[in-house]
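A short worksheet on the structure shown next.
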């Protein structure tokens, strides 16, 4: 086997191995903590969504969050149409369960960068 044939074989093998791998999912849910919310969200123009009930929201919320109640799923799905799918969306609830469910819904609707504050409002108000 001549040198050119060896290089052709190596090149073919590399293409076969690396060319057929699937690309990672571009729609990502990233779990964030209080420090990240403080540094990337507070006082900034971001899409921050509180997915708790209106009563919970009225009792206190983080920064300039909008309230899209995940429990009312029909209305929630209509409300998220107002969000930019290409811009990061930060979600939170009371402790992380509802925001996780909301994150999965956003992912299914084609949102690209979803940040889930897993500690939620309870973590936010704790010292």
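In my numbering, the protein residues as written are 177 to 303. Note that the Cβ used here is the ideal one computed from N, Cα and C, for glycine as well.
Between the alpha carbons of residue i and residue j, how many angstroms are there, rounded?
i           : j           : result
residue 279 : residue 266 : 9 Å
residue 214 : residue 288 : 22 Å
residue 209 : residue 269 : 13 Å
residue 286 : residue 235 : 31 Å
residue 296 : residue 227 : 10 Å
residue 212 : residue 260 : 21 Å
residue 250 : residue 300 : 28 Å
residue 284 : residue 276 : 12 Å
residue 247 : residue 292 : 17 Å
So residue i and residue j are in contact, right, with Cβ under 8 Å, and what is the actual spacing, rounded?
i           : j           : result
residue 245 : residue 230 : 6 Å
residue 298 : residue 271 : 5 Å
residue 205 : residue 290 : 5 Å
residue 256 : residue 282 : 6 Å
For the alpha helix (DSSP H) containing residue i, name the first residue and the last one.
i           : result
residue 282 : 273-284
residue 296 : 296-301
May I ask which residues mark the beginning and end of the beta strand (DSSP E) holding residue i?
i           : result
residue 288 : Neither: residue 288 is in no beta strand (DSSP E) and is coded neither H nor E.
In terms of DSSP beta bridges, what is residue i paired with?
i           : result
residue 204 : 289
Sequence ranges, beta strand (DSSP E) only - wholly within the segment 207-261, length at least 3
223-226
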